[in-house]
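K.L.:
Chains as they are written, first to last, in the numbering used here: chain A, 22 to 246; chain B, 22 to 246.
Think of the CB as a built atom: it goes at the ideal place given N, C-alpha and C, for glycine as much as any other residue.
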DNA sequence: ATGACTTTGTGCATCGGTTCACAAAAGGAT
DNA sequence: ATCCTTTTGTGAACCGATGCACAAAGTCAT
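1) Secondary structure at residue 190 (chain B), three-state DSSP: helix, strand or coil?
2) With a floor of 4 residues, list each alpha helix (DSSP H) that falls wholly inside the region 66-96 of chain A, ordered by position along the chain.
3) Which residues, taken in chain order from the region 187-202 of chain A, show a beta carbon closer than 9 Å to some beta carbon of chain B?
4) When you compare only the Cα positions, how much space is there between residue 154 (chain B) and residue 69 (chain B)?
5) According to DSSP, residue 199 (chain B) sits in a beta bridge with which residue or residues?
6) So, at 8 Å on beta carbons, what are the nonlocal neighbours of residue 150 (chain A) in its own chain, with the 5 sequence-adjacent residues on each side left out?
7) Determine, using beta carbons only, whether residue 170 (chain A) comes closer than 8 Å to chain B.
8) Can you give the beta carbon distance from residue 216 (chain A) to residue 210 (chain A), rounded, assuming they're within the 8 Å contact cut?
9) Can you list, in chain order, the stretches of the beta strand (DSSP E) that have 3 or more residues and sit fully within the region 98-142 of chain B?
10) Please report how far the alpha carbon of residue 201 (chain B) lies from the alpha carbon of residue 50 (chain A), in whole angstroms.
11) List, in order along the chain, the chain A residues whose C-beta lies closer than 9 Å to that of residue 123 (chain B)?
12) Using a Cβ-Cβ cutoff of less than 8 Å, which residues in the same chain neighbour residue 56 (chain A) once the five nearest sequence positions on both sides are dropped?
13) Can you find a C-beta in chain A that's less than 8 Å from the C-beta of residue 36 (chain B)?
14) Looking at residue 227 (chain B) and residue 43 (chain A), is the spacing between their C-beta atoms short of 8 Å?
15) At a Cβ threshold of 8 Å, is residue 235 (chain A) touching chain B?
16) What residues from the region 210-228 of chain A come within 7 Å of chain B, judged by C-beta to C-beta, listed N to C?
17) Can you find a CB in chain B that lies within less than 8 Å of the CB of residue 61 (chain A)?
18) Just to confirm my understanding: we take residue 27 (chain B), look at its own chain, exclude 5 residues before and 5 after, and list those with CB closer than 8 Å. What are they?
19) In the DSSP assignment, the alpha helix (DSSP H) including residue 38 (chain B) goes from what residue to what residue?
20) Taking Cβ to Cβ, would you say residue 124 (chain A) is nearer than 8 Å to residue 138 (chain A)?
21) Would you call residue 172 (chain B) buried or exposed, if buried means 16 or more other Cβ atoms sit within 10 Å of its Cβ?
22) Can you tell which of A:208, A:179, A:52 has its C-alpha closest to the C-alpha of residue 96 (chain A)?
23) Decide yes or no for the touch test of the region 58-67 of chain B against the region 102-109 of chain B: beta carbon pairs closer than 8 Å, at least 3 of them.
24) Label residue 213 (chain A) either buried or exposed according to how many other C-beta atoms from any shown protein chain fall within 10 Å of its C-beta, with 16 as the threshold for buried.
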């Protein structure tokens with residue numbers, strides 16, 4: 022089940038994967054400020070995590086640190102980038118060019134390292150043909166063609182909830198296996214497809230729950246966290 | 022530390038809290054379609070989770086089901102809403118009215134049950150004074166005054182990364198303890214303050230990681246999920 | 001009333017993730 | 001060369017969350 026002689030294990034825990042982008046961002050900041058070397062302690066503080074956790078996370082990629090010294094910033098940036106697949110260029114399509122889709126298309130950090138908005142698609146004839154963030158908005162009828170033509174491998178769904186599942190089925194139909202869903206619906210997909218969900222209203226509700234607690238909810242209960 | 026005689030335990034696991042909004046959404050859909058009663062199995066499917074997990078989650082709020090029958094939809098909606106604190110009205114301020122802030126202000130599902138966008142604040146004199154989603158955009162100098170005047174208890178940060186920490190400090194300074202942060206920075210706050218983070222570029226990077234695996238990354242490795 | 005059937009609520013085993021704490025490894029000073 | 005300091009990498013204990021599997025509790029039909 023495991024290859025003990027392998028330099029690094031190919032099975033990186035999901036929780037670790039979710040933190041790597043955080044480390045990467047902190048490292049980029051440090052690189053810009055000319056920092057050449059960083060200790061797990063300092064990097065952990067910058068990323069807002071505990072240093073033991075950070076070391077264990079990095080150890081899943083390999084032994085890239087030097088005891089007594091720390092990690093070489095540039096080298097670690099490269100290793101994490103490679104592990105996350107950011108050394109290649111990912112073409113992203115945004116489907117649904119309403120307020121949110123527009124914001125995403127213009128969002129700077131979105132297009133950052135490795136990602137490129139390659140297509141905008143919408144159903145509204147008012148919007149189709151417009152140029153947004155330097156891109157022509159194409160008609161939803163062209164969805165499959167656009168995805169193939171532009172080599173899109175990641176689709177961002179910013180459609181109304183009612184349209185999300187249908188669009189999802191269609192992009193999965195032409196081989197897309199990575200979807201970032203902003204529509205407030207549970208998408209049903211084959212298990213080979215990866216869906217990540219961003220849901221603004223869920224985040225707010227979680228905040229409300231804790232806020233209510235702090236304010237002394239139904240029953241007062243003071244409780245660290 | 023614990024009250025064993027309490028009808029329901031006040032300590033709801035964080036993982037459960039994060040799923041309650043999901044159940045609530047599914048239940049709302051069912052209520053609209055006139056469904057009066059639902060089994061844990063059906064509700065679990067609608068919410069995209071496993072039915073044992075759903076039952077355990079609900080059991081943390083109390084015994085609201087009827088064996089052999091299921092859960093009363095309306096009653097469960099009420100109980101979950103109350104638990105999440107959605108029976109009261111939360112005033113939300115959005116700071117940073119760029120593309121994203123604008124999208125959030127107009128986002129329908131945002132304003133849904135329990136939440137109300139009560140203020141928009143920005144630093145750009147071009148934008149201040151505009152009316153967006155029926156609200157006047159106010160100047161960042163007024164930040165503290167606006168928050169107090171409108172009774173804002175949840176702040177959404179949609180500012181550029183460079184401004185986020187300063188705005189955060191200021192709102193925390195006037196007593197805000199719940200923040201939803203869209204800026205790609207790690208905010209530093211007192212531990213009494215709850216920060217939730219939504220980071221588009223991190224989500225994309227996680228997708229890229231899995232996509233790379235599926236496509237046969239640096240080293241081919243076929244591996245379920 | 002009784003029995004067959006359905007579905008909840010939960011004890012228990014398991015799993016993945018976090019944290020502690022320390023041995024191993026590297027560098028620098030003398 | 002040896003010792004002292006720093007910091008990594010990881011074994012092991014711990015903690016919370018998941019999922020199985022079943023007894024308890026209810027409904028419905030007869």
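P.N.:
So, from the data block:
1) Shown here, residue 190 (chain B) sits in a helix according to DSSP, grouped into three states.
2) The qualifying runs are 72-80.
3) Within the region 187-202 of chain A, the qualifying residues are 198, 199, 200, 201.
4) Between residue 154 (chain B) and residue 69 (chain B), the C-alpha separation is close to 33 Å.
5) According to DSSP, residue 199 (chain B) bridges with B:175, B:215.
6) Shown here for residue 150 (chain A): same chain residues with a beta carbon closer than 8 Å to its own, the five before and five after excluded, namely 157, 158 in chain order.
7) No - not a single Cβ of chain B is within 8 Å of the one on residue 170 (chain A).
8) Going by Cβ atoms, the distance from residue 216 (chain A) to residue 210 (chain A) rounds to 6 Å, so yes, they are a contact pair.
9) List check, beta strand (DSSP E) in window: 111-116.
10) Answer to the nearest angstrom: the Cα atoms are 23 Å apart.
11) For residue 123 (chain B), the chain A residues whose Cβ falls inside 9 Å of its Cβ are 120, 123, 124, in order along the chain.
12) Setting aside the 5 residues that flank it on each side, residue 56 (chain A) is surrounded in the same chain by 94, each with a C-beta closer than 8 Å to its C-beta; the list follows chain order.
13) Proximity of residue 36 (chain B) to chain A, defined by a Cβ-Cβ separation below 8 Å, is not satisfied.
14) The answer is no: Cβ separation not under 8 Å.
15) Judged by the 8 Å Cβ criterion, residue 235 (chain A) is in contact with chain B.
16) Taking 7 Å as the Cβ-Cβ cut-off against chain B, the residues of the region 210-228 of chain A that qualify are 215, 217, 219, 221, 222, 223, 224, 225, 226, 227, 228.
17) No, no contact with chain B.
18) Annotation note: pLDDT 36 at residue 27 (chain B) (below 50); position unreliable, coordinate value reported separately. If we look at residue 27 (chain B) and ignore the five residues flanking it on each side, it has no Cβ neighbours.
19) That run of the alpha helix (DSSP H) goes 35-53.
20) Taking 8 Å as the Cβ cut-off, residue 124 (chain A) and residue 138 (chain A) do not qualify as a contacting pair.
21) Flag for residue 172 (chain B) reads exposed.
22) Ranked by Cα distance from residue 96 (chain A), the first of A:208, A:179, A:52 is A:52.
23) No contact exists between the region 58-67 of chain B and the region 102-109 of chain B.
24) Residue 213 (chain A) is exposed by the Cβ-count criterion.
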